[in-house]
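If you read the sequence shown in the UniProt record's numbering, its first letter stands for residue 1, the second for the next number, and so on.
Even for Gly, the Cβ is constructed at its ideal location relative to N, Cα and C.
As the structure is a prediction and not an experimental result, all values here were calculated from the model.
Here is the structure we will look at.
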Amino acid sequence: MLIGHLNQLKLTISKYPYFFIFAFIIFNFSTLDCYAQKPHIEGGLFKEGLLELKFKENWKYQPGDNIEWAKPDFDDSNWYNLNPIELKAYQMPDSLWSGYGWWRISFTADPKTVAEIERLYFYSWGAAEIYLDGELVASFGNFSPDSKNEKTYSPNYAGDRPLKISPNDLHTLAVRFSNHQAKTNHQIFRYFSENLGFNIGFSNSLRAEYSDFRYANSFATLSVIVVVLSILLLLHVLLYIKFRKEEPYLVITLITFFFLCAAICAHILLFVDLNGFTNPIFSGILNSTAFGLGYSFLPYSLSSLFRIKKFYWTKHLVWLALLRTANYFVNVFNFILFDATIILAVIILMVVIMRIAIREKNKGALYVTFGAVGTSVFLLVNRMVNADIISLSTSLYYLDLILLYISYPLGIYIYITNQYGRLFLAMEQEVEERTHQLNAMVLNLTKTQKELSTKNDENVLLLKEIHHRVKNNLEVVSGLLALQFAKIDDPNMQEVMLSSQNRVKSMGILHQKLYQSEQLAFIEMKNYFENLCENILDSYNETDRIKVDIEMKEIELDVDTAVPLGLIVNELLTNSLKYAFPKGVKGKIELSLKNVDNDNFQLKISDNGVGKPLFGKAIGTGFGSQLVDLLTRQIDGKLIQDVSNGTLILINFERQATAKV
Numbered sequence: 001m002l003i004g005h006l007n008q009l010k011l012t013i014s015k016y017p018y019f020f021i022f023a024f025i026i027f028n029f030s031t032l033d034c035y036a037q038k039p040h041i042e043g044g045l046f047k048e049g050l051l052e053l054k055f056k057e058n059w060k061y062q063p064g065d066n067i068e069w070a071k072p073d074f075d076d077s078n079w080y081n082l083n084p085i086e087l088k089a090y091q092m093p094d095s096l097w098s099g100y101g102w103w104r105i106s107f108t109a110d111p112k113t114v115a116e117i118e119r120l121y122f123y124s125w126g127a128a129e130i131y132l133d134g135e136l137v138a139s140f141g142n143f144s145p146d147s148k149n150e151k152t153y154s155p156n157y158a159g160d161r162p163l164k165i166s167p168n169d170l171h172t173l174a175v176r177f178s179n180h181q182a183k184t185n186h187q188i189f190r191y192f193s194e195n196l197g198f199n200i201g202f203s204n205s206l207r208a209e210y211s212d213f214r215y216a217n218s219f220a221t222l223s224v225i226v227v228v229l230s231i232l233l234l235l236h237v238l239l240y241i242k243f244r245k246e247e248p249y250l251v252i253t254l255i256t257f258f259f260l261c262a263a264i265c266a267h268i269l270l271f272v273d274l275n276g277f278t279n280p281i282f283s284g285i286l287n288s289t290a291f292g293l294g295y296s297f298l299p300y301s302l303s304s305l306f307r308i309k310k311f312y313w314t315k316h317l318v319w320l321a322l323l324r325t326a327n328y329f330v331n332v333f334n335f336i337l338f339d340a341t342i343i344l345a346v347i348i349l350m351v352v353i354m355r356i357a358i359r360e361k362n363k364g365a366l367y368v369t370f371g372a373v374g375t376s377v378f379l380l381v382n383r384m385v386n387a388d389i390i391s392l393s394t395s396l397y398y399l400d401l402i403l404l405y406i407s408y409p410l411g412i413y414i415y416i417t418n419q420y421g422r423l424f425l426a427m428e429q430e431v432e433e434r435t436h437q438l439n440a441m442v443l444n445l446t447k448t449q450k451e452l453s454t455k456n457d458e459n460v461l462l463l464k465e466i467h468h469r470v471k472n473n474l475e476v477v478s479g480l481l482a483l484q485f486a487k488i489d490d491p492n493m494q495e496v497m498l499s500s501q502n503r504v505k506s507m508g509i510l511h512q513k514l515y516q517s518e519q520l521a522f523i524e525m526k527n528y529f530e531n532l533c534e535n536i537l538d539s540y541n542e543t544d545r546i547k548v549d550i551e552m553k554e555i556e557l558d559v560d561t562a563v564p565l566g567l568i569v570n571e572l573l574t575n576s577l578k579y580a581f582p583k584g585v586k587g588k589i590e591l592s593l594k595n596v597d598n599d600n601f602q603l604k605i606s607d608n609g610v611g612k613p614l615f616g617k618a619i620g621t622g623f624g625s626q627l628v629d630l631l632t633r634q635i636d637g638k639l640i641q642d643v644s645n646g647t648l649i650l651i652n653f654e655r656q657a658t659a660k661v
């Protein structure tokens, strides 16, 4: 019976050999160990020393909390397939999320890769406990099923945590995770909200070189950006203050300011610890809005800088930046396409404006072109890196970040510096030309001055010669009068001749003083009066009997005033000598001239003689008194007379208008 069945089986196998081979293969694959279905970690998965566990189909999730789930031999086959890597709050079903849960993943790794792993990388805004092969290896924040006791982790710039993996055939990583505020934060901040899930992976010694200096490198990057932008901002502010009518300087100042604010907000975690609620405000909303405002101003800054008026409408692009921020909260447009459209539109506008500027031969426009296009290119690179479209090394990423913020403000500053450099060179050339012209004018003026000085010296010499000749002529007249005086026997006629002779001499003395003086327009009156009085006393032979006391400071008066004053003093002094003192009686005459105030002067002549009767008949012809009155009016003076005790004559007058300074 048994032999019959065996024969029948052999017959069947011989008829259908391929069917049994296929069945054997299926059976063997179905009975393979589960290790073959697990993700395998190898050295080729490291990128710059970081191996992220991005195995989407292998992560298992279970809501709730049970410490038994950390054990590697726990059966999680009935758990949900849910990838925590970059998991958004809206991607997590509400039915599966009460604020906490567990994720598990099992993987295999070759011994060489296990030996290479030195650290644990973790990034999240929640709280987590990390279990590897059943052992707690790291905690981030404070996990709790109760939201009040939960303390979320702030992913600052600290380095990766040390980790050593024991070589096993199979490894299990379990993450006990809570993030109670993730759903609420997403309802408030929408696109700007932080992920509900986490990123996790392993790193080797290569990444340690970056990880250990992550804070220092980020701080250095921000420092470069802030220092450069602050200097450029200060320079642009000074330019705007200096040239307030130049609107481009204000726009460029605003762009630099917005970029500076965006850079600081993007690196705010360098200075303060934030959570999933506060970080979106600074790193998300303020950062994105500030950079968007600055970027949207780029086309208008170019059109206003190069005076291309038909593109002045581009200043309204700023509303697109605000609309872009609003679109993140109320998703009207796909924000990725909307962002790309704005960036592309700004690039096209800048290219068109720069082509016009270059065509119009705006010197230095290439500097602005490189800055504007550079900012756009570096922005696109940054966006593609963040979207995992391309990858850059850490150093290149930092370089791209620096150039993203400083390219345009720096290009504008180089352009303005170049423009002012050209302006300064042109001004220097013009100054040199003007200086050459001024030097020629100075030479001509110096030559003219020398000629005028020579002619002035000649005129001075001529005037002195004229005064000298006038004085000589007056002496001739005086001599003729003296000869005539000697031939006249009539005492009255002799007296008239002597008076005339003294008048002529008084004018002669004045002209003598003029040609002897350095100044031809002014006479020093004290010395003039002394010589005049001495001459009159000599003419009447009264030097011993009558004393003339001149008490005054040295005062200079113009010729037009000095001549009438000299004649007045001559007449009054002559009258005193003739009538004030009886024969044989000694007398005293006082003469003074003082500056009362400013241009007001007072001439005073007094004697201690017999005086003059008020109502008696005047002695002599009265010609002298008439002459004094006439001369007083000539200098616009006022004569005051007192004869109660001797004779006192006061004449108040002003300096002549032609002599006033």
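Query raised in the report: Can you name, in chain order, every residue of its own chain whose Cβ lies under 6 Å from the Cβ of residue 60, other than the five neighbours on each side?
Result: 76, 79, 104
**Report entry** Assumed close pair residue 354, residue 326 - CB separation to whole angstroms, cut-off 8 Å
**Finding:** Contact flag wrong, Cβ pair sits at about 30 Å.
Requested in this report: Pick helix, strand or coil for residue 174, following the three-state DSSP scheme.
Outcome: strand
**Report entry** Alpha carbon of residue 189 to alpha carbon of residue 111, nearest angstrom
**Finding:** 45 Å
Report task. Could you work out which residue in 161, 539, 250, 123 is closest to residue 136 when comparing CA atoms only? Result -> 161
Query raised in the report: At which residue ranges does the stretch 512-599 contain complete alpha helix (DSSP H) runs of 4 or more residues, listed in the order of the chain?
Result: 525-540, 559-575
**Report entry** Member of 96, 330, 74, 56 whose CA lies at the smallest distance from the CA of residue 64
**Finding:** 96
Query raised in the report: Between residue 277 and the rest of its own chain, which residues show a CB-CB distance below 7 Å, the 5 nearest in sequence each way excluded?
Result: 181, 185
Query raised in the report: In three-state DSSP terms, what is residue 180?
Result: coil
Query - Alpha carbon of residue 705 to alpha carbon of residue 477, nearest angstrom - result: The structure shown does not extend to residue 705, since the chain spans only 1 to 661, so no value can be given for it.
Query - Cross-strand partners of residue 130 (DSSP beta bridge) - result: 138, 175
Requested in this report: Determine contact between the stretch 252-259 and the stretch 229-244, defined as no fewer than three beta-carbon pairs at a distance below 8 Å.
Outcome: yes
Requested in this report: May I ask which residues mark the beginning and end of the alpha helix (DSSP H) holding residue 112?
Outcome: 111-116
Query - Own chain residues within Cβ distance below 6 Å of residue 409, not counting five before or after - result: 232, 256
**Report entry** First through last residue of the alpha helix (DSSP H) which encompasses residue 671
**Finding:** The first residue shown for the chain is 1 and the last is 661, placing residue 671 beyond what the model contains.
**Report entry** Host beta strand (DSSP E) of residue 83 (start-end)
**Finding:** Where residue 83 is concerned, there is no enclosing beta strand (DSSP E), given that its DSSP letter is neither H nor E.
Query raised in the report: So what does residue 203 bridge to, in DSSP terms?
Result: 50, 119
Requested in this report: On the DSSP bridge assignment, give the partners of residue 652 in chain order.
Outcome: 602, 638
Query raised in the report: Do residue 58 and residue 39 come within 8 Å of each other at the CB atom, strictly closer than that value?
Result: yes
Query raised in the report: How long is the line joining the alpha carbons of residue 203 and residue 53, rounded to whole angstroms?
Result: 11 Å
**Report entry** Sub-8 Å separation of residue 611 and residue 645 beta-carbons
**Finding:** yes
Report task. Tell me, please, which residues DSSP counts as bridged to residue 41. Result -> 109
**Report entry** residue 479 - DSSP class collapsed to helix/strand/coil
**Finding:** helix
Requested in this report: Determine the contact status of residue 199 and residue 125, defining contact as a CB-CB distance below 8 Å.
Outcome: no
Query raised in the report: To the nearest angstrom, how far is it from the Cα of residue 528 to the Cα of residue 534?
Result: 10 Å
Query raised in the report: From which residue to which residue does the alpha helix (DSSP H) around residue 699 run?
Result: The structure shown does not extend to residue 699, since the chain is modelled only from 1 to 661, so the question has no answer here.
Query raised in the report: Since residue 338 contacts residue 359 with CB under 8 Å, what's their CB separation in whole angstroms?
Result: Rounded, the Cβ-Cβ distance is 32 Å, inconsistent with contact.
**Report entry** Straight-line Cα distance separating residue 41 from residue 362
**Finding:** 58 Å
Query raised in the report: Where do the ends of the alpha helix (DSSP H) carrying residue 215 lie?
Result: 214-242
**Report entry** Paired residues, beta bridge with residue 62 - DSSP
**Finding:** 102
Query raised in the report: Just how far apart, CA to CA, sit residue 197 and residue 150?
Result: 16 Å
Query raised in the report: So residue 348 is in the alpha helix (DSSP H); what residue range does that whole segment cover?
Result: 335-359
Query raised in the report: In angstroms, rounded to a whole number, what distance separates the CA positions of residue 84 and residue 223?
Result: 34 Å
Query - Option nearest residue 585 by Cα separation, candidates 628, 156, 91, 544 - result: 544
Query - Cβ contact check for the stretch 398-405 and the stretch 415-429: 3 or more pairs under 8 Å - result: no
**Report entry** Residues of its chain near residue 397, where Cβ-Cβ distance is below 7 Å and the 5 sequence neighbours each way are ignored
**Finding:** 385
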